[in-house]
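In this note's numbering, the protein residues as written are 17 to 137.
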């Protein structure tokens, strides 16, 4: 590995959103646009229980930075009505290849001695 990590813009947005919302990569990669309410004074993302580890829905308040990242992802989704991060090959599906964008980071984190988890912050 030459130290350079290559990723798509969508993958970078997924990682950034995971960091600013403290949510799991897979939950962020699977965002349905219907889960988002980004207009108004209290933007929020409701993660349905079917997509959370504990099976309970999760209300995630969105910071201005998170809203900006989501708006960038909406532009990137090329008008897809359902998924924030649609599949490149089949826009009717969520981008399943994006559910593991942490893979290139795992070796880097291990080498640097980092344990990356929102629960440890």
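Glycine included, C-beta positions come from ideal geometry on N, C-alpha and C.
Could you name the residues of the same chain whose beta carbon sits closer than 6 angstroms to that of residue 65, not counting the 5 residues immediately before and after it, in chain order?
-> Mapped onto the chain shown, residue 65 falls at position 49. Result list for residue 65: 71, 72, 73, in chain order.
Roughly how many whole angstroms lie between the Cα atoms of residue 77 and residue 24?
-> Reading the chain shown from its first residue, position 61 is the one you call residue 77. Reading the chain shown from its first residue, position 8 is the one you call residue 24. The straight-line gap from Cα to Cα measures roughly 26 angstroms.
Beta strand (DSSP E) runs contained entirely in the segment 49-97, provided each spans 3 or more residues = 60-63, 74-77
Residue range of the alpha helix (DSSP H) that residue 25 falls in?
-> The sequence position of residue 25 within the chain shown is 9, counting from 1. Where residue 25 is concerned, the enclosing alpha helix (DSSP H) stretches over 25-37.
To the nearest angstrom, how far is it from the Cα of residue 61 to the Cα of residue 52?
-> The residue labelled residue 61 in the question sits at position 45 within the chain shown. The residue labelled residue 52 in the question sits at position 36 within the chain shown. Cα to Cα, the separation comes out at about 5 angstroms.
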